[in-house]
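Here the structure is laid out as structure tokens; the discussion comes afterwards.
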Amino acid sequence: MRFSYLFFQRLNLFSIWFLVTFGVLVNISASSVQGMNQYNDNFYFIKRHIAAVLLGIVIFNIGKKINISIQEKLINLSIVFVTTSLFFVLTYGIVRGGSRRWVDLGIINFQPSELAKPLIILWIAYQLSNLDSKYSDLFYLKRAMFLPLMCCLFIYLQPDYGTTLTIFGIVLAQILFSKINLKFPVGILSLSVVPLYFLAISGNYRWNRILTWINKDCDNGIDLLGDCFQLNQSRIAISSGGMFGLGPGTSRARWGMLPNSHTDFIASIIGEEYGFVGLVIFIIILVF
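Right, here's the structure in full:
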């Protein structure tokens, strides 16, 4: 039993370091062309990516040395801080692309919604790990959900619908896999269907993105340059990789054929350079 636990612990640690290293390598390839075009620096985006990785490693090593009781207090303070920051953004934040998401701190711009993601995960985990028969599941659920729902509301009002749905989905998954009675997360999911539907159709951009995925014009080549452009270019990139890929750093899609290939569509670059086999292995390790 001891051997099994240590084996899976080390395997999990290996998968984390593999994904971090692989992510850096793929980002170098996917972002170099756009970095040169926009900032005259091939490594503009990757330098920012590596800085974030190093910061994460530092925080991880500091965090694992802190006593669990102190960690719990820090989590409580941090979730209050990020909720307050998100409220502050709605009034004093910087507007970019029609959304108010950033706070100008002078040296850097701070985006509270990005900090909210890991903190809410830690907060929910902490709250649901302290279940006690002294109180009902509903009591613990309400206590765990109050601040995350406030965060989701403030992020929604920025507006940032993608982050709102991401956080909501993560929180729901945590509740599903906790010891909370299953009827509560199922009830939350059922009650969320209608609001999520109206959220999707409330803006033409969001609704068009959904329709794009089910639009037959994207499959028969009718709408190659319209709403289906990004999706079609992504498919071309993956299909051109074949089973085993074109090789690391040899992507053709990054040369402007797949805009912003280093962001939401980076899986297309993985498929093109490492092939279908490489993409499947990546997904398996990511899920693991």
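Each number in the numbering used here corresponds to the 1-based position in the sequence shown with 200 added. Where is the CB? At the ideal position from N, CA and C, for every residue including glycine. Source: prediction; values computed, not measured.
Please report the straight-line C-alpha distance between valine 224 and tyrosine 474, rounded to a whole angstrom. For the purposes of this step, residue 224 is taken as the residue at position 24 of the sequence shown. For the purposes of this step, residue 474 is taken as the residue at position 274 of the sequence shown. Valine 224 and tyrosine 474: Cα-Cα distance of roughly 15 Å.
* When the distance is taken between beta carbons, is leucine 446 closer than 8 Å to glutamate 472? -> The residue labelled residue 472 in the question sits at position 272 within the sequence shown. The residue labelled residue 446 in the question sits at position 246 within the sequence shown. Yes, the Cβ-Cβ distance between glutamate 472 and leucine 446 is below 8 Å.
Arginine 296 by DSSP, collapsed to three states: which one?
-> In the sequence shown, residue 296 corresponds to position 96, counting from 1. Correct three-state label for arginine 296: strand.
What do you get for threonine 494, buried or exposed, if any count of 16 or more other CB atoms within 10 angstroms of its CB means buried? This structure does not reach residue 494, given that the chain is present from 201 up to 488, and the question cannot be answered.
**Message:** Do proline 312 and valine 280 count as a contact pair if the criterion is CB distance below 8 Å?
**Reply:** Within the sequence shown, the letter at position 80 stands for residue 280. Within the sequence shown, the letter at position 112 stands for residue 312. Result no, Cβ atoms of valine 280 and proline 312 do not sit closer than 8 Å.
Considering only their Cβ atoms, is the gap separating leucine 211 from leucine 486 smaller than 8 Å? As a working note, residue 486 is residue 286 in the sequence shown. As a working note, residue 211 is residue 11 in the sequence shown. No, the pair does not count as a contact, with Cβ atoms beyond the cut-off.
* Asked: Are there three or more Cβ pairs, one per stretch, closer than 8 Å when the stretch 287-307 is compared with the stretch 318-337?
  -> no
Name the DSSP bridge partner or partners of phenylalanine 368? Walking along the sequence shown from the start, residue 368 turns up at place 168. Partner(s): none; phenylalanine 368 has no beta bridge.
| request: With a threshold of 16 other CB atoms inside 10 Å of the CB of aspartate 464, please say whether the residue is buried or exposed. | output: Counting from one through the sequence shown, the residue named residue 464 turns up at place 264. Exposed, by the Cβ-count rule.
_Helix, strand or coil, according to DSSP, for asparagine 240 in the structure here?_
By 1-based counting over the sequence shown, the position of residue 240 is 40. Coil at asparagine 240, not helix or strand.
| said: For the alpha helix (DSSP H) containing leucine 486, name the first residue and the last one. | reply: The residue labelled residue 486 in the question sits at position 286 within the sequence shown. It spans 466-487 - the alpha helix (DSSP H) in which leucine 486 sits, taken as one unbroken run.
Query raised in the report: Once you ignore the five residues that flank serine 232 on each side, which residues in its own chain have a CB closer than 6 Å to its CB?
Result: In the sequence shown, residue 232 corresponds to position 32, counting from 1. Closer than 6 Å at the Cβ level, and outside the excluded window around serine 232, lie Asn242.
Problem - Through-space distance from histidine 462 to leucine 255, alpha-carbon basis - result: Stepping through the sequence shown from its first residue, residue 255 is reached at position 55. Stepping through the sequence shown from its first residue, residue 462 is reached at position 262. Roughly 20 Å between the two C-alpha positions.
* Would you mind sorting alanine 252 into buried or exposed? The rule is 16 or more other CB atoms within 10 Å of its CB. => Reading the sequence shown from its first residue, position 52 is the one you call residue 252. Exposed is the call here.
(request) Decide if aspartate 304 is buried, meaning its Cβ has at least 16 other Cβ atoms within 10 Å, or exposed. (result) Numbered from its first residue, the sequence shown carries residue 304 at position 104. Its Cβ having fewer than 16 others within 10 Å, aspartate 304 is exposed.
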